[in-house]
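Per full-length UniProt numbering, the very first residue in the sequence shown carries number 1; after that it's consecutive.
Idealized CB from N, CA, C, for every residue including glycine.
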Amino acid sequence: MSADPPLSSRLLNADPVGRHVIARLLDFFADTTPWPRRLWDLSSILALREIAQAGDWVRDRVLSAGALGWYRHALERQLGPDRGLGNSALRRELTALLRSELAPDSRERRRLVQLLPMITSGYLGRWALAVDSPQPPSPERLARAIATHLLDSGHSNGSLHRWAHALSTNPDATIGDLLAEATTLAERADQEFEVLVPFISVPDPGRLAAHLPEWQSPAETSAWLAQHGVAEPPRHNGAFVYTFHAKDPAAAGRAAAANVQRLEARRTYARGAPRPLVPVGRIWVAGHPRPLPLAPASRGANILSLESEGTMYVTDAGERIDEALELAAPLNDGSVATAATGAWAAIESLLTHPGDQADIEEGKVVAADRLAAIVTCSWPRAEFTALSYRHRPGTPDELARALAASTRNLDRSRALAQNLRGEDTLTLARPTDVAAAQRMRAVLASPRAQLGDVRSTLCGVFRRLYRQRNIVVHGGSTSAIALDATVRTIAPLVGAGFDRLVHAQITNRVQPLELAARAENSLILVDDPLVEQQLITRSPDLHPGAGRAGRRPQGGPGGGTAGAGRCPGVPGDVGPRLDQDPVGGHLNGGRELADAVTGHWDRKRPVAGEPLAVPSWSGMIRHQACAVRCSPSPAPSPGPARRGG
């Protein structure tokens with residue numbers, strides 16, 4: 001019997017591993033991918049650069065030593081299964097450095113900074129070698145490593161999506177071809193791009209713009225457009241021409257759009273009733289005659305409950321959550337600094353309580369862990385619901401008939417989960433749905449481990465948002481190394497969490513801290529079906545404050561004990577360590593899990609005695625909430641920092 005061919009030589013579109021990898025890359029690079037199927041975390045390289053930079057902020061008392069300590073432990077666990085970190089000697093060195101305090105002026109921090117170029121060089125090449133090893137990485141993990149590394153290297157989503165799509169339509173492309181091209185992209189040096197941003201209106205250009213080297217008068221702008229082959233130039237009254245060093249034209253265009261945001265912000269400081277800057281709305285990159293949109297794509301912070309419950313235009317409800325939505329509004333199209341600060345202000349306002357002594361001891365970061373619990377409970381239900389609409393067999397089977405007879409998404413999700421646990425007759429046409437079904441099978445087979453990984457990742461990304469917000473607010477900096485990537489990854493997740501908060505408030509009058517407490521209970525009690533059944537069948541009328549629309553959270557302080565509020569993913573948790581074998585073990589932060597569509601629970605309003613539609617998605621997985629108990633070895637808490645942390 002002949003041996004199987006090496007994995008790298010298999011056709012990308014014919015082999016199951018290749019189809020999985022390319023499908024997930026297309027998910028990760030698309031701007032319209034639903035939140036459960038997006039990237040949730042940063043690349044290992046950017047995470048290491050972030051922790052190296054954090055020493056400066058600790059020295060300036062912007063971040064606390066406790067926050068840095070928590071991140072060091074979490075990052076050590078995240079890097080454990082990373083096959084791009086090379087041999088065991090490099091792993092041992094990284095382990096030793098991350099287990100040190102990485103104090104601002106320490107030798108360990110200096111060594112980490114000097115080690116980063118060595119880790120970055122050949123990173124994807126080492127993943128390529130791992131593919132043909134006796135224990136290759138899973139396709140989900142491989143796709144995530146490629147996508148995060150390329151995005152955090154500076155490539156734009158659009159250019160990467162076009163690259164992945166071209167590979168997906170090439171019948172002769174192999175997995176090795178994909179890895180080789182990804183390695184080439186990662187190691188490509190920045191190019192110089194000249195970008196023209198035309199304006200319809202530029203107030204007082206003679207006094208404020210004419211002396212600037214980047215300013216082009218209307219005549220000069222027309223000449224530039226003609227010189228670069230623009231067949232249909234726009235109407236304009238001048239332009240700014242910028243030079244950027246970037247990976248691709250779209251990335252240069254993104255940098256130009258950020259410049260325009262700064263110009264518009266500065267213009268608001270003009271005296272009196274200032275005439276605004278009015279850009280044309282399109283930009284041109286030299287050598288690329290087709291224009292690019294000036295406005296970036298929405299970051300994906302969608303709150304579908306505002307539409308489904310008919311409250312999109314309700315502005316006089318006087319609810320605290322309405323104020324939080326206003327604070328978080330910059331998430332989709334604001335600058336990264338305002339997006340980070342507004343989003344965290346909204347999260348903190350809803351998910352902390354001044355009367356909870358444990359909150360005071362742990363610090364405001366507890367809000368990140370509570371939102372992580374809510375989103376963790378949302379994720380499987382969103383996937384099951386989405387997959388239930390993708391099952392389309394040639395001849396209707398028992399599952400298709402059960403789905404057709406279901407009047408609620410909750411029933412559809414239960415039917416689909418039961419099928420995956422049993423005969424598993426799911427018929428899916430799109431590779432992205434096939435990959436999602438595989439992740440859900442893993443959840444059904446090992447809910448505690450898989451959802452523990454998801455919660456660990458979500459705790460990490462929401463805590464990163466808190467750190468980045470503190471750098472902006474207390475450090476006065478809008479150029480932190482991980483700020484852009486943080487906002488890119490966090491926006492859809494904040495939208496998903498706020499969607500649950502809005503829905504619970506509108507339909508059941510459940511306050512945010514109450515919802516967080518239910519989510520934490522569901523995650524802790526996954527192995528106790530009796531207690532879980534009691535939790536989900538209580539009528540909201542039995543809860544203190546139910547049915548009342550007060551501006552402040554009703555009921556007792558808190559949303560759980562200090563233990564329930566803590567996030568797993570640090571010493572004491574199950575999972576591969578950085579200095580251990582990266583092969584096998586549970587995947588950190590849902591690296592084997594990912595996505596879905598709406599994430600909406602049942603829309604039926606509950607009455608006494610009926611199960612309450614809360615984010616425990618009970619009944620889908622052994623009629624229990626699939627989740628994880630918090631680690632018995634609690635994480636080092638950042639605690640209240642002097643200037644944030």
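Taking the C-beta atoms as reference points, asparagine 470 is found nearer than 7 angstroms to valine 62.
The three-state reading of DSSP puts threonine 243 in strand, counting E and B together. Counting C-beta pairs with one atom in each stretch, the segment 249-267 and the segment 148-158 have three or more that are closer than 8 angstroms, which means they touch. With respect to the 7 angstroms criterion, alanine 209 and valine 202 are classified as neighbours on the basis of their beta carbons. Residues Leu444 of the same chain have their beta carbon placed closer than 6 angstroms to that of arginine 421, with the five preceding and five following residues left out of the count. Under the three-state reduction of DSSP output, glutamate 383 falls in the helix class. In the same chain as threonine 311, and ignoring 5 residues on each side of it, the C-beta atoms closer than 7 angstroms to its own belong to Ile506, in chain order. Non-local C-beta neighbours of histidine 245 in its own chain, meaning closer than 6 angstroms and more than five positions away in sequence, comprise Asp190, Glu192, ordered along the chain.
Taking a C-beta distance under 7 angstroms as the contact criterion, alanine 435 and histidine 20 qualify as a contact pair.
For a cut-off of 8 angstroms, the C-beta gap from arginine 267 to proline 276 is around 6 angstroms, short enough to register as a contact. By the neighbour-count definition (other C-beta atoms within 10 Å, threshold 16), glutamate 383 is a buried residue.
The way I'd put it, the segment 448-465 does touch the segment 37-57; three or more beta-carbon pairs between them come closer than 8 angstroms. Of all C-beta pairs linking the segment 162-173 to the segment 98-113, fewer than three are shorter than 8 angstroms, placing the two stretches out of contact. In the three-state DSSP reduction, proline 330 falls in the helix class (H, G or I). Spanning the alpha carbons of alanine 516 and tryptophan 215 requires a straight line of approximately 52 angstroms. Restricting attention to alpha helix (DSSP H) runs no shorter than 4 residues, the segment 7-48 encloses them at 16-29, ordered along the chain. Pairing alanine 367 with threonine 352 gives a Cβ-Cβ distance under 7 angstroms. A residue is called buried when at least 16 other Cβ atoms come within 10 angstroms of its Cβ; asparagine 302 meets this threshold and is buried. As the crow flies, the alpha-carbon of leucine 292 is around 5 angstroms from that of isoleucine 283. Between the segment 490-505 and the segment 26-38 there are three or more inter-stretch CB-CB distances shorter than 8 angstroms, so the stretches are counted as touching. Serine 121 sits exposed, since fewer than 16 C-beta atoms from the chains shown fall within 10 Å of its C-beta. For isoleucine 283, the secondary structure class from DSSP, reduced to helix, strand or coil, is strand. Relative to the Cα of histidine 474, the nearest Cα in the group Ala186, Ala337, Leu12 belongs to Ala337. With 16 or more other CB atoms across the displayed protein chains lying within 10 angstroms of its CB, methionine 440 is buried. Secondary structure of leucine 124 (DSSP, three-state): helix.
Only residues of its own chain outside the window of five on either side were considered, and among them Ile45, Leu48, Arg49, Ala52 have a CB closer than 8 angstroms to the CB of leucine 116, listed in chain order. Following the DSSP letters along the chain, one finds leucine 292 inside the beta strand (DSSP E) bounded by residues 288-293. Separation of aspartate 453 and isoleucine 524 (C-alpha to C-alpha, rounded to the nearest whole angstrom) is 14 angstroms. Within the same chain, and ignoring the five residues on either side of threonine 486 in sequence, the residues whose Cβ sits closer than 7 angstroms to its Cβ are Ala340, Arg464, Leu465, Gln468. The three-state reading of DSSP puts leucine 102 in coil, since its state is none of H, G, I, E or B.
DSSP places proline 205 inside the alpha helix (DSSP H), whose first and last residues are 205-208. In the structure shown, glutamine 261 falls within a helical segment according to DSSP collapsed to helix, strand and coil.
Here the C-alpha atom of threonine 376 lies approximately 7 angstroms from the C-alpha atom of leucine 451. Between the segment 133-146 and the segment 227-244 there are fewer than three C-beta pairs closer than 8 angstroms, too few to call the two in contact. Distance from the CA atom of leucine 325 to the CA atom of leucine 294, rounded to whole angstroms, is 25 angstroms.
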